[in-house]
Amino acid sequence: MAKHSFNFYRNNYVTYFANEETNYRGNGVGLIIKKNYAWHIVNYNSFKGRIIYVDFIFSGNKKMRIINYYGKSGRVTLDNFNQEV
1 MAKHSFNFYR NNYVTYFANE ETNYRGNGVG LIIKKNYAWH IVNYNSFKGR IIYVDFIFSG
61 NKKMRIINYY GKSGRVTLDN FNQEV
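Under this note's numbering, the first residue of the sequence shown carries the number 1, and numbering increases by one thereafter.
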C-alpha cells in the first residue's frame, strides 16, 4: 500500500523545498503542487530556508504567486529574521 501511495504522489505532484544552507535543523519550507498546475510555474525562489514562493502564469496572462513562510518561535530569532527581511 505504501509503495502504491508513493508512486501516486510522485506521478501526480511536484515538490519544491528550501532550507537554510548552514543549519538544516529547525527550519525549512516546502510546497507540493499538482502536476497539472506545475506546468504553469515560471519562477520559484526562497529566502533563508524560511520563505519559499512560486510564480504561475495562466492563460490570459493571469499571474499568481503562492508564498509559504515558516515563522520560527523565539523572540530573539524572530526579531533577527524580521530585520533581515
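All C-beta atoms, glycine included, are put in the ideal place defined by N, C-alpha and C. None of these values were measured; they are calculated from a predicted model.
Helix, strand or coil at glycine 30 according to DSSP, with G and I counted as helix: For the purposes of this step, residue 30 is taken as the residue at position 30 of the sequence shown. Glycine 30: strand per DSSP, three-state reduction.
Distance between isoleucine 32 and tryptophan 39 (C-alpha atoms, nearest Å): Numbered from 1 along the sequence shown, position 39 holds the residue referred to as residue 39. Numbered from 1 along the sequence shown, position 32 holds the residue referred to as residue 32. The alpha-carbon of tryptophan 39 is positioned some 13 Å away from that of isoleucine 32.
Exposure of isoleucine 57, with buried meaning 16 or more beta-carbon neighbours within 10 Å: One-based indexing of the sequence shown puts residue 57 at position 57. Exposed.
Cα-Cα separation between glycine 60 and isoleucine 41, rounded to whole angstroms: Numbered from its first residue, the sequence shown carries residue 60 at position 60. Numbered from its first residue, the sequence shown carries residue 41 at position 41. The C-alpha of glycine 60 lies about 15 Å from the C-alpha of isoleucine 41.
Continuous alpha helix (DSSP H) stretch holding asparagine 68: start and end: To locate residue 68, count along the sequence shown from 1; it is residue 68. Judged by DSSP secondary structure, asparagine 68 falls outside any alpha helix (DSSP H) and instead within the beta strand (DSSP E) spanning 62-69.
DSSP state of asparagine 45 mapped onto helix, strand, coil: Within the sequence shown, the letter at position 45 stands for residue 45. If DSSP states are grouped into helix, strand and coil, asparagine 45 belongs with the strands.
8 Å CB neighbourhood of asparagine 12 in its chain, flanking five on each side removed: For the purposes of this step, residue 12 is identified with residue 12 of the sequence shown, where counting begins at 1. Correct list, in chain order: Lys34, Lys35.
Residues near glycine 49 by beta carbon distance below 6 Å, same chain, minus five either side: Locating residue 49 in the sequence shown gives position 49, where the first residue counts as 1. Residues of the same chain with a CB within less than 6 Å of the CB of glycine 49, apart from the 5 flanking positions on each side, are Ala18, Asn19, Glu20, Asn27, Gly28 in chain order.
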